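Undergrad: As given, the protein sequences belong to chains G and F, one line each in that order. Under the working numbering, the residue at position 61 of the first sequence is numbered 61, and the numbers go up by one with no gaps. Numbering-wise, the working numbering comes out as the position in the second sequence, counting from 1, plus 1000. Below is the structure I would like to discuss, written out as structure tokens.
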Amino acid sequence: MSTKASRNAARLMLAPAVILLLGWMLVPLTMTVLFSFQRYLPMRGGFQGWVGFENYASFVTSSAFWPSVVTTLVIVGSVLVITVVLGVVLAILLDQPMWGQGIVRILVIAPFFVMPTVSALVWKNMFMDPVNGLFSHLSRFFGAEPVLWLSEASMPSIILIVSWQWLPFATLILLTAIQSLDSEQQEAAEMDGAGPFSRFFFITLPHLSRAITIVILIQTIFLLAIFAEIFVTTQGAFGTRTLTYLIYQRVLESQNVGLGSAGGVYAIILANIVALFLMRIVGKNLDR
Amino acid sequence: MARTVTTTRKSVNTALAWAIGLLIFFPILWTVLTSFKTEAQAVSDPPVWLFFDWTLDNYRTVLDRSDYARFLWNSIFIAGGSTVLGLLIAVPAAWSMAFVPSHRTKDILLWMLSTKMLPAVGVIYPIYLIFIKMGLLDTRTGLVVILMLINLPIIIWMLYTYFKEIPGEILEAARMDGAGLRNEITYVLLPMALPGIASTALLNLILAWNEAFWTLNLTAANAAPLTAFIASYSSPEGLFYAKLSAASTMAIAPILILGWFSQKQLVRGLTFGAVK
């Protein structure tokens, strides 16, 4: 039973977190929205007047906008498909009886703990370098011309790097979900003559659907924001400029804060649409 | 009836899983191996695998760079500091929502989570300006605060799901036995909550150590952590694979080891308790 005193104490304990997060959310957000309606160039005198929705219009009509949207969607979409499909396969495999299961799991999960700048640089130099990379050695071994990975096949390269980083996350979560699957149900289906494929499609996959949804939503939020992987590899060149990177360039590189802020508001709206779905699922889970 | 597994099937599973596991792990393994080679061996074609002259020179070279210690210290300070500060704020908050829930608790939790969805690039300039005004640009303190804020929703959620699992009856029983609030906390609650708090701290350390947007954009020479140190290798001069590997190995080793111990907690923390 909570008394009035304990409820007051509880409110007091909660207050710092709420105030901090409220400030963290409202202050920068308000500033970004304000900037987005201004002509604001810090290198050329800063504030130069209010311009209404001009920045919003010029951000979407600039020649860089649609390509960046396509790039973003291709990266996010490809990485999602790759990580979820391979993640399900790997999770099922890792759930089987085998020797050294714990060690294999450690090997599979490891990439998730590698900091993004390290994984991007290791892939860029030691694997994808056209002269000294391991892939170029491999091509030459088979008598083929080395591929200029990050310039000629820039998108597949970025997708490979990012998928490598996120596959462990998908696998780990799907594996956790699979392990909560009732094995008696599986056995009953097996005894009733269900083959491995029908067992997969009628028992395993439906059981995993919620975990898959969560993986997709959480990864989407992180993938929309990938930065370091592009920053240290292509710097947005060769068609790898994502929406995030475009905004970054507008704000910090060309210091067109008004324009970049309008882009930022678009990014915030986009992220919130995804977030809305995620919150629904998490919220439902809270009631159980 | 227990499912019978033939040895053949188990062998096939084992072979397949190990092959895939090693393939996924290979880039890390290759980096670690390369870190012990000379620069010439690091780029030799055909590649050398295990039979080369193992050397620690690369580690010496990287460590001798006068500033390496500072990058490392910055990483430790920023990751550690944001974890401690985050826990100081999150533990009471999660505690109060778990044990004295109100009709608004669910909304507050979801709202906190929503702050995590804010794309960093959308607010980078305001933060940049605020940092300049407050003299926080390129300081460890500034990064401690930012990383604490971006991870706060996750650790509140994670702690909340842990605290929720502590049965309320135990607290009542302790109270009936005449334990004061102080004894209740020290002898009953804390021992039960400690594993959850430790796991949360671990996850926060990992996330903060690897964060690579704010750490790259808000630091320069002074407060840059290892993420930025590694990024400085992106414009190479001459042969540098072995040195890059040594630097990378040192940057990821501590967190790789911590991470392996926290697999289960990771799932809980990163799915906000939705998958356990």
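Glycine included, each C-beta is placed from N, C-alpha and C at the ideal position. Note that the structure is a prediction, hence the values are computed from the model and not measured.
At the 7 Å Cβ level, is G:G193 part of the contact set with chain F, yes or no?
TA: Start at 1 with the first residue of the first sequence, and residue 193 of chain G comes out as number 193. Judged by the 7 Å Cβ criterion, G:G193 is not in contact with chain F.
Undergrad: For the alpha helix (DSSP H) containing F:Q1265, list its first residue and its last residue.
TA: In the second sequence, residue 1265 of chain F corresponds to position 265, counting from 1. Run containing F:Q1265: Q1263 to L1270, per the alpha helix (DSSP H) assignment.
Undergrad: I'd like the list of long-range same chain contacts for G:G49, defined as Cβ closer than 8 Å, with 5 residues on each side in sequence excluded.
TA: Position 49 of the first sequence, counted from the start, is the residue given in the question as residue 49 of chain G. Closer than 8 Å at the Cβ level, and outside the excluded window around G:G49, lie Q38 and R39.
Undergrad: Output the distance between the C-alpha atoms of F:V1123 and F:I1130, rounded to the nearest integer angstrom.
TA: Numbered from 1 along the second sequence, position 123 holds the residue referred to as residue 1123 of chain F. Numbered from 1 along the second sequence, position 130 holds the residue referred to as residue 1130 of chain F. For F:V1123 and F:I1130, the distance between alpha carbons rounds to 11 Å.
Undergrad: Take every Cβ of the stretch 1183–1200 of chain F, pair it with every Cβ of the stretch 1036–1046 of chain F, and state whether three or more of those distances are shorter than 8 Å.
TA: no
Undergrad: Which partner residues does G:Y40 have in the DSSP bridge list?
TA: Counted from its first residue, the first sequence places residue 40 of chain G at position 40. Looking at the DSSP assignment, G:Y40 forms a beta bridge with G:F47.
Undergrad: Could you tell me the distance, in whole angstroms, from the CA atom of G:E190 to the CA atom of G:G87?
TA: Position 190 of the first sequence, counting from 1, holds the residue named residue 190 of chain G. Position 87 of the first sequence, counting from 1, holds the residue named residue 87 of chain G. C-alpha separation (whole angstroms): 24 Å.
Undergrad: Do the stretch 1203–1222 of chain F and the stretch 1140–1153 of chain F make contact, defined as three or more Cβ pairs closer than 8 Å?
TA: yes
Undergrad: Looking at chain F, which residues of the stretch 115–130 of chain G have a Cβ within less than 9 Å of any of its Cβ atoms?
TA: M115, P116, T117, V118, S119, A120, L121, V122, W123, K124, N125, M126, F127 and D129
Undergrad: Determine the closest residue to G:M31 out of F:K1116, F:Y1128 and F:S1245, with distance taken between C-alpha atoms.
TA: Along the first sequence, read from residue 1 onward, the residue named residue 31 of chain G stands at position 31. For G:M31, the nearest C-alpha among the options comes from F:Y1128.
Undergrad: Which term fits G:E145, buried or exposed, when burial requires 16 or more other beta carbons within 10 angstroms of its beta carbon?
TA: Here the question's residue 145 of chain G lines up with position 145 in the first sequence. G:E145 should be labelled exposed.
Undergrad: In chain F, which residues lie with their C-beta within 7 Å of the C-beta of G:A10?
TA: Sequence index remark: in the first sequence, residue 10 of chain G carries index 10 (1-based). Going along chain F in sequence order, the residues near G:A10 (Cβ under 7 Å) are S1096 and V1100.
Undergrad: I'd like the list of long-range same chain contacts for F:W1049, defined as Cβ closer than 6 Å, with 5 residues on each side in sequence excluded.
TA: Taking the first residue of the second sequence as position 1, residue 1049 of chain F is located at position 49. Around F:W1049: no qualifying Cβ.
Undergrad: Select from G:V33, G:T72, G:L93 and G:F113 the residue whose C-alpha is nearest the C-alpha of G:P196.
TA: Indexing the first sequence from 1 puts residue 196 of chain G at position 196. The option with the nearest alpha carbon to G:P196 is G:L93.
Undergrad: Considering only residues of the same chain and omitting the five flanking positions on each side of G:I273, which have a CB-CB separation below 7 Å?
TA: Translated into the one-based positions of the first sequence, residue 273 of chain G becomes position 273. Cβ within range, chain order: n/a, list empty.
Undergrad: CA-CA distance, G:A9 and F:I1185?
TA: Counting from one through the first sequence, the residue named residue 9 of chain G turns up at place 9. Counting from one through the second sequence, the residue named residue 1185 of chain F turns up at place 185. Distance between the alpha carbons of G:A9 and F:I1185: 14 Å.
Undergrad: Kindly list, in the order they appear in chain F, the residues whose Cβ is closer than 9 Å to that of G:A271.
TA: Walking along the first sequence from the start, residue 271 of chain G turns up at place 271. Those are M1117, L1118, P1119 and G1122, listed as they occur along chain F.
Undergrad: Count the other CB atoms within 10 Å of the CB of G:I269; is the residue buried (16 or more) or exposed (fewer)?
TA: For this step, residue 269 of chain G is matched to residue 269 along the first sequence. It counts as exposed.
Undergrad: Closer than 7 Å by beta-carbon distance: list the chain F residues that pair up with G:V60, in chain order.
TA: The count along the first sequence starts at 1 and reaches residue 60 of chain G at position 60. Chain F residues near G:V60: none, gap ~16 Å exceeds 7 Å.
Undergrad: Using a Cβ-Cβ cut-off of 7 Å (strictly less than) and excluding sequence neighbours within five positions of G:V33, which residues of its own chain qualify?
TA: Locating residue 33 of chain G in the first sequence gives position 33, where the first residue counts as 1. Counting only Cβ-Cβ distances below 7 Å, and skipping sequence neighbours, we find V265.
Undergrad: Could you give the distance in angstroms between the alpha-carbon of G:G100 and the alpha-carbon of F:T1014?
TA: Counted from its first residue, the first sequence places residue 100 of chain G at position 100. Counted from its first residue, the second sequence places residue 1014 of chain F at position 14. Rounded to the nearest angstrom, the two C-alpha atoms are 8 Å apart.
Undergrad: If you draw a straight line from the alpha carbon of G:L21 to that of F:R1175, how long is it in whole angstroms?
TA: Position 21 of the first sequence holds residue 21 of chain G. Position 175 of the second sequence holds residue 1175 of chain F. Approximately 34 Å, taken between the alpha carbons.
Undergrad: Please work out which residues of its chain come closer than 6 Å, Cβ to Cβ, to G:S119, disregarding the five sequence neighbours upstream and downstream, and give them in chain order.
TA: Walking along the first sequence from the start, residue 119 of chain G turns up at place 119. Residues of the same chain with a CB within less than 6 Å of the CB of G:S119, apart from the 5 flanking positions on each side, are Q165 in chain order.
Undergrad: Can you tell which of G:A275, G:V282 and G:L259 has the C-alpha that lies nearest to the C-alpha of G:T61?
TA: Translated into the one-based positions of the first sequence, residue 61 of chain G becomes position 61. Considering only alpha carbons, the answer is G:L259.
Undergrad: Mark G:W230 as exposed unless 16 or more other C-beta atoms lie within 10 angstroms of its C-beta, in which case mark it buried.
TA: The residue labelled residue 230 of chain G in the question sits at position 230 within the first sequence. With the sequence shown as reference, residue 230 of chain G is identified as Ile, and Trp is not the correct amino acid for it. So G:I230 counts as buried.
Undergrad: Residues in its own chain within less than 8 Å of F:G1269 by CB, not counting five upstream and five downstream?
TA: Counting from one through the second sequence, the residue named residue 1269 of chain F turns up at place 269. Contacts found: I1154, I1155, W1157, M1158, S1199, T1200 and L1203.
Undergrad: List, in order along the chain, the chain G residues whose C-beta lies closer than 9 Å to that of F:D1045?
TA: On the second sequence, residue 1045 of chain F is found 45 positions in, with the first residue counted as 1. What F:D1045 touches in chain G: N132, S136, H137, R140 and F141.
Undergrad: Are the Cβ atoms of G:I159 and G:S78 separated by less than 7 Å?
TA: Along the first sequence, one-based indexing puts residue 159 of chain G at 159. Along the first sequence, one-based indexing puts residue 78 of chain G at 78. In this structure, G:S78 lies closer than 7 Å to G:I159 by Cβ.
Undergrad: I need the DSSP call for F:F1065, collapsed to helix, strand or coil.
TA: Within the second sequence, numbered from 1, the residue matching residue 1065 of chain F stands at position 65. At residue 1065 of chain F the sequence reads Arg, which differs from the Phe that was named. Secondary structure of F:R1065 (DSSP, three-state): coil.
Undergrad: Look at F:A1079 and F:L1218 and say whether their C-beta atoms are less than 7 Å apart.
TA: What you label residue 1079 of chain F is simply residue 79 of the second sequence in a count that begins at 1. What you label residue 1218 of chain F is simply residue 218 of the second sequence in a count that begins at 1. No Cβ-Cβ contact shorter than 7 Å links F:A1079 with F:L1218.
Undergrad: Along the stretch 236–250 of chain G, where does the CB come closer than 7 Å to a CB of chain F? Name the residues.
TA: T244, I247 and Y248
Undergrad: Can you tell which of G:V74, G:L107, G:L121 and G:L217 has the C-alpha that lies nearest to the C-alpha of F:A1246?
TA: On the second sequence, residue 1246 of chain F is found 246 positions in, with the first residue counted as 1. Nearest to F:A1246 by alpha-carbon distance, out of G:V74, G:L107, G:L121 and G:L217, is G:L121.
Undergrad: Name the residue from G:F201, G:P116 and G:N55 whose alpha carbon lies nearest to the alpha carbon of G:A228.
TA: Here residue 228 of chain G corresponds to residue number 228 of the first sequence, with the count starting at 1. Considering only alpha carbons, the answer is G:P116.
Undergrad: Using DSSP with H/G/I as helix, E/B as strand and the rest coil, what is F:R1104?
TA: Position 104 of the second sequence holds residue 1104 of chain F. Here F:R1104 sits in coil by DSSP.
Undergrad: From what residue to what residue does the alpha helix (DSSP H) around G:M155 run?
TA: Locating residue 155 of chain G in the first sequence gives position 155, where the first residue counts as 1. Per DSSP, the unbroken alpha helix (DSSP H) holding G:M155 starts and ends at S154 to Q179.
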